[in-house]
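Encoded as structure tokens, the structure appears first; notes follow it.
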Amino acid sequence: SDLIVLPGGFSYGDYLRCGSIAAKSKIIKSVINFANSGGMVLGICNGFQILIETGLLPGALLTNKYLKFICKNVFVKINDEGSKYFKKISKNVLELHIAHNDGNYFCTEEELKSLEENDQIAVNYCSEKGEVTEDYNPNGSIKNIAGIFNKNKNILGMMPHPERVIDQSLSSEDGSFFFKNLIKNLK
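Here it is in structure tokens:
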């Protein structure tokens, strides 16, 4: 496989912490081995929560700041256009969709320092023009973080759903830009 995608959805009903039961499932051992051997793994929304729960990515995803489920389009700024996920992408700000209750990214000061020093913050919530400020933070995530890489940048976890915006009739086609670009970079 060139890529494993852990999609959004409510794995095992998310009856405990989101992603915690999925992170203990039998198949996840194969995902962890694949990722640790350099294979590319993309976790979207609940998939991001699972990657956090497995320890493949640092931090935690907490309940949204205003304690409400959020379902809307947002803009995200791409911070690393050199990774396989974003290399040669035609836009550095994408309009994607979020749909989550527990998407408030949090980490320790030490983890945040490491994320920043190693350029692991993949995408930030932002304005349509790419301005990253608290005004454009939908869920309270530290530093407007919408997605992160592991240190080797073969693992990407992000809360926004690119698969939900793949056609202009679905309000945006920026998800198509993301996936078409990713497929080109995998070849």
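Take any residue in the sequence shown, count from 1 to its spot, add 14: that is its number in this note's numbering.
For each residue, glycine too, the CB sits at the ideal point set by N, CA and C.
Pick from the options that is closest to residue i, judged by C-alpha positions
i, options, result
"L56", "T77, R178, K167 and E125", "K167"
"N93", "L184, F193, K157 and N50", "K157"
"V19", "C32, R31, I35 and S44", "S44"
"E142", "N87, E124 and F100", "N87"
"H175", "C140, F192 and S97", "F192"
"S51", "I169, Y80 and D181", "I169"
"M54", "K98, I66 and N78", "K98"
"K105", "G144, Y150 and D149", "G144"
"S155", "I66, N78, I58 and S128", "N78"
Backbone secondary structure at residue i - three-state DSSP
i, result
"Y99", "coil"
"F24", "coil"
"N118", "strand"
"G154", "coil"
"I169", "strand"
"L71", "coil"
"V146", "coil"
"I35", "coil"
"G61", "helix"
"I41", "coil"
Counterpart residues of residue i in DSSP-defined beta bridges
i, result
"Y139", "V90"
"S186", "D181"
"C85", "A113"
"L76", "N118"
"L108", "V90"
"P163", "Looking at the sequence shown, residue 163 is not Pro but Phe. According to DSSP, F163 bridges with L170."
"L17", "M54"
Residue i and residue j closer than 9 Å at C-beta
i, j, result
"Y119", "I159", "yes"
"K1", "V146", "Nothing can be reported for residue 1: it is not among the residues displayed for the chain, which extend from 15 to 201."
"C121", "A74", "yes"
"I42", "C85", "no"
"K102", "N195", "yes"
"S39", "C32", "no"
"L184", "L17", "no"
"L110", "G189", "yes"
"F89", "G171", "no"
"T209", "I35", "The structure shown does not extend to residue 209, since the chain is modelled only from 15 through 201, so no value can be given for it."
"L70", "D116", "no"
"P21", "E177", "yes"
"N151", "H114", "no"
Are the region 151-163 and the region 133-141 touching, with three or more C-beta to C-beta distances below 8 Å?
Taking one beta carbon from each stretch, the region 151-163 and the region 133-141 have 3 or more pairs nearer than 8 Å; the two touch.
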